[in-house]
Amino acid sequence: EAEAGHWKTIEVSDEGDDDAGVYGSDWVLMSEDEAFFKRKEIADAAIPLASKRSVRLWTDDFSNLYKILK
15 EAEAGHWKTI EVSDEGDDDA GVYGSDWVLM SEDEAFFKRK EIADAAIPLA
65 SKRSVRLWTD DFSNLYKILK
């Protein structure tokens, strides 16, 4: 879990350009380095990412894709 590891997370979303054949994408960026998120190109594109406490922590011993997609 990002918060437990003291990692900061943000979402970056790109709508793409269908006319140019460029597809949209959504990314989650994680870093312990606070300075990374202060870079202008990152800060301008960043969307705060809310934590979903209803989803159990994903580990090597537990993974439930069905619950996440539900």
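If you count the sequence shown from 1, position 68 lands on 82 in my numbering, and the numbers rise without skipping. Backbone N, C-alpha and C define an ideal beta-carbon position, used for all residues, glycine too.
1) Taking only three categories from DSSP, how would you classify A64?
2) What is the residue span of the beta strand (DSSP E) that F40 lies within?
3) On the DSSP bridge assignment, give the partners of I24 in chain order.
4) When you compare each of D47, E25, E29 to Y37 by their alpha carbons, which one comes out closest?
5) According to DSSP, is D32 helix, strand or coil?
By the coordinates alone:
1) coil
2) The amino acid occupying residue 40 in the given sequence is Asp; Phe does not appear at that position. Run containing D40: 39-45, per the beta strand (DSSP E) assignment.
3) L43, P62
4) That would be E29, whose Cα lies nearest to the Cα of Y37.
5) helix
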